[in-house]
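Asker: In UniProt numbering, the protein residues as written are 1 to 262.
The C-beta atom is built at its ideal place from N, Cα and C for all residues, glycine as well.
Quick caveat: nothing in here was measured; it's all calculated off a predicted structure.
See the structure below:
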């Protein structure tokens with residue numbers, strides 16, 4: 001005797017049955033429906049990661065992020081689930097990468113030094129600083145600076161998911177995704193942090209802004225961006241790294257100022 005087929009539910013009906021009735025079958029259907037999103041995010045994040053990082057592991061962690069998104073998403077708010085889930089999937093993958101400690105401490109230290117250099121020099125000069133000025137501050141040649149950027153490139157792919165401060169859970173991306181209404185004090189902090197992000201983007205060079213826009217908003221891969229801009233993939237990787245390190249420095253500076261004023 002064959003088992004009766006599970007009825008195919010409409011999308012809104014799946015969400016209703018899962019959220020209001022805790023129907024496990026509806027949840028399974030939602031997971032299956034959005035698994036291609038995990039494939040997409042995993043493929044994008046795998047670009048530039050060391051070959052030692054298993055894509056299967058990335059996918060598994062991404063699925064956990066998807067499940068987390070389905071459990072926490074409020075479908076009645078009329079928001080786009082794909083956008084919300086993409087951040088949760090990325091978060092799941094990055095949590096897995098952190099647990100695997102895939103980036104050597106020395107590489108993280110180099111990234112931190114450059115981030116601090118951007119933060120201090122751009123605060124001092126009130127403008128976008130050049131590679132020569134950063135190299136001089138770090139006491140390295142411009143060629144060595146370029147090599148360092150290439151070395152730390154893989155760390156900047158995930159950097160917007162990192163906490164603003166090491167001891168906190170608030171991430172830079174949390175400034176861009178409004179999951180629930182926050183209290184007034186939080187909204188004030190959020191406003192100034194978003195303002196800092198906007199100012200940081202304005203301080204990027206034209207090429208850096210283009211790379212950030214194409215990668216994070218148009219969702220092109222680094223190799224696709226290289227083709228669009230007629231530059232080498234390694235050059236695009238360097239531009240991306242510099243852009244992210246500038247933004248991280250700007251956000252960290254703003255966060256410190258807010259803490260001093262509270």
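Find the nearest neighbour of residue 203 within the set 118, 53, 58, judged by alpha-carbon distance.
Answerer: The residue with the shortest Cα to Cα distance from residue 203 is 118.
Asker: What is the DSSP secondary structure of residue 127, counted as helix, strand or coil?
Answerer: Coil, per DSSP.
Asker: Using C-beta distances below 7 Å, list every residue in its chain close to residue 92, excluding the 5 sequence neighbours before and after it, in chain order.
Answerer: Counting only Cβ-Cβ distances below 7 Å, and skipping sequence neighbours, we find 61, 62, 64, 65, 68.
Asker: Exposed or buried, which one is residue 147 when buried takes at least 16 other CB atoms within 10 Å?
Answerer: Looking at its Cβ environment, which holds fewer than 16 other Cβ atoms inside 10 Å, residue 147 is exposed.
Asker: DSSP state of residue 1, grouped into three classes?
Answerer: Per-residue confidence for residue 1 stands at a pLDDT of 42, beneath the threshold of 50, marking its modelled position as unreliable; no derived number is given.
Asker: Give the secondary structure of residue 232 by DSSP, where H, G and I count as helix, E and B as strand, and everything else as coil.
Answerer: Residue 232: coil per DSSP, three-state reduction.
Asker: With burial defined as no fewer than 16 other Cβ atoms inside 10 Å of the residue's Cβ, what is the status of residue 12: buried or exposed?
Answerer: Counting Cβ neighbours within 10 Å, residue 12 comes out exposed, since fewer than 16 surround it.
Asker: Between the Cα of residue 30 and the Cα atoms of 10, 153, 58, 207, which residue gives the shortest distance?
Answerer: Checking every option, the nearest Cα to that of residue 30 belongs to 10.
Asker: Which same chain residues, not among the five before or five after residue 228, have their C-beta less than 8 Å away from its C-beta?
Answerer: Closer than 8 Å at the Cβ level, and outside the excluded window around residue 228, lie 214, 220.
Asker: Under a Cβ-count criterion, where at least 16 other Cβ atoms within 10 Å of its own Cβ denotes burial, should residue 126 be classed as buried or exposed?
Answerer: Residue 126 comes out exposed.
Asker: Consult DSSP for residue 238 and reduce its assignment to one of helix, strand or coil.
Answerer: Three-state result, residue 238: helix.
Asker: Could you check whether residue 246 and residue 122 sit closer than 9 Å to each other, using their CB atoms as the reference points?
Answerer: Their beta carbons are under 9 Å apart, which means residue 122 touches residue 246 by this criterion.
Asker: Could you spell out the range, first to last residue, of the alpha helix (DSSP H) harbouring residue 25?
Answerer: That run of the alpha helix (DSSP H) goes 24-46.
Asker: By Cβ distance below 8 Å, which residues in the same chain neighbour residue 226 in space, the five residues on each side in sequence not counted?
Answerer: Hits under 8 Å: 232, 233, 235, 236.
Asker: Buried or exposed: which applies to residue 180, given that a residue is buried once 16 or more other Cβ atoms fall within 10 Å of its Cβ?
Answerer: Because the pLDDT at residue 180 is just 44, under 50, the model does not fix this residue reliably, and the value given afterwards should be weighed accordingly. Exposed: under 16 other Cβ atoms inside 10 Å.
Asker: According to the neighbour-count rule (16 or more other Cβ atoms, all chains shown, within 10 Å of its Cβ), is residue 217 buried or exposed?
Answerer: With fewer than 16 Cβ atoms within 10 Å of its Cβ, residue 217 is classed as exposed.
Asker: Below 7 Å CB to CB, which residues in the same chain sit around residue 19 once its five sequence neighbours on both sides are set aside?
Answerer: Cβ neighbours of residue 19 beyond the five flanking positions: 75.
Asker: Three-state secondary structure (DSSP) at residue 161?
Answerer: Any answer about residue 161 is weak, because its pLDDT of 47 lies below 50 and its placement is not dependable; what the coordinates show is given next. In the structure shown, residue 161 sits in a helix (DSSP, three-state: H, G or I).
Asker: When we look at the beta-carbon of residue 26 and count the other beta-carbons within 10 Å, is it buried (16 or more) or exposed?
Answerer: When all chains shown are included, residue 26 counts as buried.
Asker: Going by DSSP in three states, residue 80 sits in which element: helix, strand or coil?
Answerer: The answer is coil: DSSP assigns residue 80 none of H, G, I, E or B.
Asker: Taking the beta carbon of residue 212 as the centre, do at least 16 other beta carbons fall within 10 Å, making it buried, or is it exposed?
Answerer: It counts as buried.
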